[in-house]
Amino acid sequence: MEEQIQTAKYPAQSHSHDHLYHLLERLNFPMDNVDVEHHHSHRHDQELSYCPLFRGMTQREHDEFLDRNVREILTYEKGETVVRQGDPIQFVMLLVQGSVRTEMITMEGNVLDIDIMEAVIPLAPSFIYGVKNNYPVDVIAVEAAIFLKISKEAWLDEMANNKQLLTNFLTMNADFTLFLTNKLQMISLKSLRKKLATYFLEMTTAEDGTLTLKRSRTELAEYFGVQRQSLARSLKEMEEDGIIQLEGRMVKILDRNQLIRE
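Per this note's numbering, the very first residue in the sequence shown carries number 64; after that it's consecutive.
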């Protein structure tokens, strides 16, 4: 179900935001519950320049793209399903506020958390123009989310007339394919400790060995397709072995070499 968001958030500054703000008004989007102060911690929301598809484009190009192509806005409440796995991709959905979770059900009946996507980004870009163009996962709003609805034909015309946009689209699809490859490789690992080690290595560097988890322990267990108790046990073992240090959602790598050997 598509509903109007109860707490939409917009910053007071930023030209790209201002243009989107006025566009929403022009499309009769309700602006009564604008929460400016809360949005300061989400400064990247609604900034098209943060979207991989719009890198290298000018502010004017961003604004004109919106004016030409946006005719409808879709809004979802926290916890609401945006699309379901197998739904046909009938148009491009560009997430401009909030974040969503992508997941699927495994053969064993476990929920497999694929990724958390934050604005600004389109849903399933690699599948939009496929022969079987269906959403490969369920998409659920982690928080109140706003999408701009753009026709696939209009998006294709834009890429045909803008080399930078086309290049960005191809790059994004290549990066997404790499992400899926890495995800598949991680799932294929039999040891949960090996999965955790691989995840921590990917999320940190030798120079910066600290990361803050975006997911709760339950969500992290879903990400690895295991039970929460199994995750907790493996994390505790790795901490007792002096490999990592845990403090809430913060993970500090103490022995990177041992992580590599896991």
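Built from N, CA and C at the ideal position, the CB exists for glycine as well.
- Comparing C-alpha distances from residue 136 to each of 192, 156, 231 and 228 shows the shortest one belongs to 156.
- In the DSSP annotation of this structure, the continuous segment of the beta strand (DSSP E) that includes residue 136 starts and ends at 135-139.
- Here the alpha carbons of residue 179 and residue 146 stand approximately 15 angstroms from one another.
- With contacts defined by Cβ atoms closer than 9 angstroms, residue 315 and residue 321 do not form a contacting pair.
- Look at residue 210 here: in three-state DSSP terms it is strand.
- Sequence-distant Cβ neighbours of residue 227 in its own chain, meaning closer than 7 angstroms and more than five residues away, are 119 and 120.
- Close CB contacts of residue 128 within its chain, under the 6 angstroms cut and outside five residues either way in sequence, are absent.
- Around residue 142, the same chain offers 203 and 204 as residues with beta carbons nearer than 8 angstroms, after the five sequence neighbours per side are excluded.
- Runs of the alpha helix (DSSP H) spanning 4 or more residues and lying entirely within the region 227-274 occur at 255-266, in chain order.
- About 5 angstroms separates the beta carbon of residue 158 from that of residue 184, a gap short enough to meet the 8 angstroms contact definition.
- For the set 182, 241 and 256, the Cα lying nearest the Cα of residue 211 is the one of 182.
- Shown here, residue 144 sits in a strand according to DSSP, grouped into three states.
- Scanning its chain for C-beta atoms nearer than 8 angstroms, with the 5 sequence neighbours on each side dropped, one finds around residue 234 the residues 115, in chain order.
- Residue 295: not part of any beta strand (DSSP E); member of the alpha helix (DSSP H) spanning 291-303, first to last residue.
- With respect to residue 139, residue 208 sits close: the two C-beta atoms are nearer than 9 angstroms.
- For residue 220, there is no enclosing beta strand (DSSP E); the residue is part of the alpha helix (DSSP H) that begins and ends at 215-223.
- With respect to the 9 angstroms criterion, residue 148 and residue 215 are not classified as neighbours on the basis of their beta carbons.
- Taking residue 166 as the centre and dropping the five residues before and after it, the same chain places the C-beta of 174, 175, 176, 177, 200, 201, 203 and 285 closer than 8 angstroms to its C-beta, in chain order.
- Here DSSP, grouped into helix, strand and coil, assigns residue 162 to strand.
- With fewer than 16 other Cβ atoms inside 10 Å of its own Cβ, residue 245 counts as exposed.
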